[in-house]
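FYI, the numbering for the sequence shown is 209 to 356, going by our numbering.
C-beta: ideal position from N, C-alpha, C; glycine also.
Right, one structure below, let's go through it.
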Amino acid sequence: MNTPYDAALRLRQREIDDMRVLITVEVNQMALLDGHRAAIDTSVRAEVEIAGSQHTFSADAYVARMRAEREVVCHERSVSDARLTALRAQAVEAYGSLSAIGAAADRYSAETLRMAAIAEQGQVDDFSAARFTRALTAAQRLREEHCP
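And the structure:
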């Protein structure tokens with residue numbers, strides 16, 4: 209049954225679908241940043257180990273550069289985490305709104321069905337009353353014809 213709330217339900221569902229995609233993108237971005245940070249850590253450990261075994265090489269400049277890159281990655285991850293938190297909050301709000309609109313649509317449908325049932329019962333009552341009235345009138349006519 210169509211309700212006046214159907215358009216709002218479809219719109220809210222599309223918004224939720226879009227948020228779901230954005231949340232997935234953000235989670236994937238965070239996973240990439242975590243992987244990049246882990247790669248930096250592994251690379252730094254390997255370079256420090258190599259530099260420690262060969263005294264002719266210094267890993268200080270490399271470690272400083274990687275530390276700066278790691279800080280950038282950590283900052284980007286922090287920003288991504290904040291965006292993800294905001295998206296999740298929006299999704300919770302959208303789901304609540306979708307539920308409220310859905311409940312209103314259900315109430316509208318139930319009320320429409322109830323009103324249709326009341327109207328149908330009214331018709332049945334009217335037909336029954338008309339049949340009873342015809343039967344009563346016919347019985348009175350018969351009585352009047354047989355009892356002058």
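For F160, the first and last residue of its enclosing alpha helix (DSSP H): No answer is possible for residue 160: it lies beyond the span of the chain, which begins at 209 and ends at 356.
Segment limits, alpha helix (DSSP H) that includes N236: On the sequence shown, position 28 is the one that residue 236 refers to. First-last of the alpha helix (DSSP H) with N236: 214-261.
Euclidean distance between Cα positions of D225 and L295: Indexing the sequence shown from 1 puts residue 225 at position 17. Indexing the sequence shown from 1 puts residue 295 at position 87. Taking the straight line from one Cα to the other gives about 12 angstroms.
Any 3 or more C-beta pairs closer than 8 angstroms across the region 228-244 and the region 343-351: no
Beta carbon of R220 nearer than 8 angstroms to that of S305: Position 12 of the sequence shown, counting from 1, holds the residue named residue 220. Position 97 of the sequence shown, counting from 1, holds the residue named residue 305. Contact flag set, yes.
Proximity below 8 angstroms, CB of R278 to CB of R253: Here residue 278 is taken as the residue at index 70 of the sequence shown, counted from 1. Here residue 253 is taken as the residue at index 45 of the sequence shown, counted from 1. Cβ atoms of R278 and R253: not closer than 8 angstroms.
Assigned exposure category for L321 - 16 Cβ within 10 Å defines buried: What you label residue 321 is simply residue 113 of the sequence shown in a count that begins at 1. The residue is exposed, with fewer than 16 neighbouring Cβ atoms inside 10 Å.
Status (buried if at least 16 other CB within 10 Å, exposed otherwise) for Y213: The residue labelled residue 213 in the question sits at position 5 within the sequence shown. Buried: at least 16 other Cβ atoms inside 10 Å.
Closest residue to A216 among G310, V287, G243, S317 (Cα-Cα distance): The sequence position of residue 216 within the sequence shown is 8, counting from 1. Ranking the options by Cα distance to A216, first place goes to G310.
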